[in-house]
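Heads up: the sequence shown runs through residues 87 to 133, numbered per the working numbering.
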Amino acid sequence: MPQVELDEETIERLDELRIEDESNDELIMELINIYETSEYTLFHAGD
Numbered sequence: 087m088p089q090v091e092l093d094e095e096t097i098e099r100l101d102e103l104r105i106e107d108e109s110n111d112e113l114i115m116e117l118i119n120i121y122e123t124s125e126y127t128l129f130h131a132g133d
């Protein structure tokens with residue numbers, strides 16, 4: 087499995103965003119989904 091190194095500040099920010107027993111993997115996947123949705127929305131906003 088690939089490993090990702092994060093700064094302590096990044097880990098702290100992730101900890102602040104985590105809901106209940108959510109894992110880092112779940113949180114990061116949610117953030118990626120939000121990013122992709124926002125990017126898609128901005129891309130098609132000009133249509």
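Glycine is no exception: its CB is placed at the ideal position from the N, C-alpha and C atoms.
Only a predicted model underlies this, so the values are computations on that prediction, with no experimental measurement involved.
Figure out for me which residue from the options has the closest Cα to the Cα of residue i.
{"i": "Glu91", "options": "Arg104, Asn110, Glu106, Glu102", "result": "Asn110"}
I'd like the list of long-range same chain contacts for residue i, defined as Cβ closer than 7 Å, with 5 residues on each side in sequence excluded.
{"i": "Arg104", "result": "Leu113"}
{"i": "Glu98", "result": "none"}
Starting from residue i, trace the alpha helix (DSSP H) in both directions and tell me its first and last residue.
{"i": "Arg99", "result": "94 to 103"}
Check the Cβ-Cβ distances between residue i and every residue of chain C, and say whether any is below 8 Å.
{"i": "Pro88", "result": "Protein chain content of the structure displayed is limited to a single chain, and chain C is not contained in it."}
Pick helix, strand or coil for residue i, following the three-state DSSP scheme.
{"i": "Met87", "result": "coil"}
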